[in-house]
Every structure is written in C-alpha cells, then in structure tokens.
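Below is one structure, written out as structure tokens, with a few remarks after it.
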Amino acid sequence: DTAVSQTPKYLVTQMGNDKSIKCEQNLGHDTMYWYKQDSKKFLKIMFSYNNKELIINETVPNRFSPKSPDKAHLNLHINSLELGDSAVYFCASSQDLSGVSYEQYFGPGTRLTVT
Amino acid sequence: DQQVKQNSPSLSVQEGRISILNCDYTNSMFDYFLWYKKYPAEGPTFLISISSIKDKNEDGRFTVFLNKSAKHLSLHIVPSQPGDSAVYFCAASAGDSWGKLQFGAGTQVVVTP
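Order-wise, the sequence lines are chains A and B.
Sequential numbering from 38 applies to the first sequence in our numbering.
Sequential numbering from 2 applies to the second sequence in our numbering.
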C-alpha cells in the first residue's frame with residue numbers, strides 16, 4: 038500500500054511542451070512538498086503546501102505551478118518546458134508544520150527528460 | 002549557497018564493520034537533523050533524526066551523533082550489511098522554516114562481502 042505515489046514515473050517530452058506530474062499521499066498528512074533533484078544530485082525544495090495553502094515557494098520560475106485540490110494531492114504543472122528542467126522530481130509529505138515531526142515521506146520520483 | 006555539506010561522495014566498507022558518514026552544516030539556526038537513505042530509482046526513505054537539544058540518538062544499528070559547537074553530525078551504522086548499500090543524505094531544518102529541509106549532496110555507501 039503506497040504511502041506517497043507519483044505519476045508518471047518517467048516523462049519524456051520536447052521543449053516548449055506543457056506537462057503535469059501528479060502526487061497523492063494516503064498518510065493523512067497535512068503538508069506536501071515538491072523537490073527537484075538535479076544532475077548534481079542535490080535535492081532542493083521547490084514548493085510546500087499545508088492544508089491546500091501555499092507555504093513555501095522557493096525561487097522557481099513561474100512556469101512551474103503547483104496545485105493542491107485537497108490536502109492528499111499536490112500536482113505540479115510545468116509550462117513551456119526547457120532543457121534545464123530535466124531532472125528527477127520528488128513529491129513528499131509530512132504530518133504537520135508544528136515542528137513536532139519534521140520527517141518527510143517521499144514518493145518514488147518522476148524522471149523528466151526534455152529533448 | 003550549500004548550507005549542508007557531505008564532503009565524502011563515496012564510502013566502501015566491509016560487511017560487519019562500522020560505516021561512519023559525516024555531515025557539516027553552516028547555518029546555526031538549524032535545530033533538527035535527519036538522515037535519509039536512497040536506493041536507485043526510489044525516493045529517499047527516512048532513517049533517523051536528532052534534535053539539537055540532544056547529542057546522540059540511537060535506533061537499532063543506526064546512531065546519529067551531533068556536535069553543535071563544531072556544526073557537525075555523523076551517522077554510524079554497526080554492523081554494516083549488504084542491504085545498507087545506498088546513497089545517504091543528511092538534511093537539516095530550522096524551526097522557523099515551515100518544514101523546509103536542506104539536503105547535503107549525499108554519500109554513496111557500498112558494503113562489500
């Protein structure tokens with residue numbers, strides 16, 4: 038029973054296209070995140086949502102737009118894809134932001150390749 | 002600006018021996034530290050954490066040590082097993098950062114028979 042799931046697992050697309058990655062968690066967590074792992078393997082936070090409200094928005098191009106229809110889902114839409122967007126994108130969730138639990142649970146990742 | 006650093010990209014250790022992974026940080030506001038383990042083509046999995054009010058936390062074969070004055074933490078795995086072969090990420094968070102984790106670059110651990 039997958040705790041944090043992402044679809045698709047692999048995504049190959051051409052420059053200029055628009056694509057979406059979906060994420061769902063069944064842990065009952067209040068907070069969800071998107072991370073990007075670049076070619077140097079650094080994991081960097083992009084966004085976080087708490088109960089459907091945007092909390093963290095790092096310096097990410099506005100071509101990236103997260104959407105949280107409910108607290109169990111956080112989707113990532115990317116417009117006008119560029120070569121530099123090629124990376125692995127991870128979704129994660131955590132119980133809350135109270136500081137009681139910082140542990141984040143990650144999905145399996147979506148490998149995006151822009152050609 | 003990389004605030005969490007793992008200076009050893011790889012570590013090879015014999016099965017049964019101790020693995021020691023190191024992590025340094027620069028931000029004195031960090032008050033919670035975590036270690037994650039990652040297998041290829043999978044997401045990171047939470048391993049163990051430590052609050053800045055402690056200097057040691059132990060969970061089975063895994064122990065994390067925190068030296069606040071040196072801004073250094075380490076993960077000890079004893080004894081190392083072949084299934085421990087993975088990439089290990091150190092991560093840190095500050096109390097006012099809304100759960101934002103800053104990750105190190107990771108250390109690839111290979112446990113040999």
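A virtual CB, placed ideally from N, CA and C, is assigned to each residue, including glycine.
Owing to the predicted nature of the structure, the values given are computational and were not obtained by experimental measurement.
Mapping the DSSP letters down to three states, classify residue i as helix, strand or coil.
i	result
D85 (chain B)	helix
D32 (chain B)	strand
D60 (chain B)	strand
L12 (chain B)	strand
L120 (chain A)	helix
N54 (chain A)	coil
A42 (chain B)	coil
Y139 (chain A)	coil
S76 (chain A)	coil
D79 (chain B)	Reading off the sequence shown, one finds Val at residue 79 (chain B), where the question assumed Asp. Of the three classes helix, strand and coil, the one that applies to V79 (chain B) here is coil, per DSSP.
Beta-carbon within less than 6 Å of residue i's beta-carbon, same chain only, minus the 5 sequence neighbours each way: which residues are those?
i	result
L113 (chain B)	Residue 113 (chain B) is actually Thr in this sequence, not Leu. Within the same chain, T113 (chain B) has close Cβ partners Q15.
H114 (chain A)	S57, S102
Q51 (chain A)	T152
Y47 (chain A)	R148
I51 (chain B)	F34, N58, V65, L67
H110 (chain A)	E61
I92 (chain A)	S85
N8 (chain B)	none
T39 (chain A)	none
Please return the same chain residues whose Cβ sits closer than 7 Å to the Cβ of residue i, not counting the five positions on each side in sequence.
i	result
T27 (chain B)	Q4, K72
E140 (chain A)	S131
Y40 (chain B)	A87
P45 (chain A)	T147
Please state whether the Cβ-Cβ distance between residue i and residue j is less than 8 Å.
i	j	result
D67 (chain A)	N87 (chain A)	yes
K59 (chain A)	N116 (chain A)	no
R62 (chain B)	I78 (chain B)	yes
V49 (chain A)	Q62 (chain A)	no
P83 (chain B)	R18 (chain B)	no
G207 (chain A)	A129 (chain A)	Past the edges of chain A, shown from 38 to 152, lies residue 207 (chain A), and the structure says nothing about it.
S105 (chain A)	M69 (chain A)	yes
S86 (chain B)	I21 (chain B)	no
K56 (chain A)	L120 (chain A)	no
Y142 (chain A)	W71 (chain A)	no
Using only the alpha-carbon positions, how far apart do residue i and residue j sit?
i	j	result
D133 (chain A)	Q74 (chain A)	23 Å
V111 (chain B)	V88 (chain B)	9 Å
C24 (chain B)	W36 (chain B)	10 Å
Y44 (chain B)	L80 (chain A)	Here residue 44 (chain B) turns out to be Gly, not Tyr, going by the sequence shown. Whole-angstrom Cα-Cα distance: 11 Å.
K77 (chain A)	A106 (chain B)	8 Å
K38 (chain B)	I82 (chain A)	17 Å
D60 (chain B)	R100 (chain A)	42 Å
P103 (chain A)	L102 (chain B)	18 Å
T96 (chain A)	F84 (chain A)	9 Å
T46 (chain B)	N54 (chain A)	32 Å
L64 (chain A)	G96 (chain B)	23 Å
K55 (chain B)	S29 (chain B)	15 Å
S13 (chain B)	A42 (chain B)	21 Å
Spatial neighbours of residue i within its chain, please: CB distance less than 8 Å, with the 5 preceding and 5 following residues excluded, ordered by chain position.
i	result
G100 (chain B)	S94
P10 (chain B)	A106, G107, T108, Q109
S53 (chain B)	F31, D32, Y33, F34, L67, K69
K89 (chain A)	S105, P106, D107, K108
A92 (chain B)	V5, F34, L35, W36, Y37, L102, Q103, F104, G105
Inter-stretch contact (C-beta, 8 Å, three-pair minimum) for the region 142–152 of chain A and the region 52–66 of chain B: Verdict: no, contact absent.
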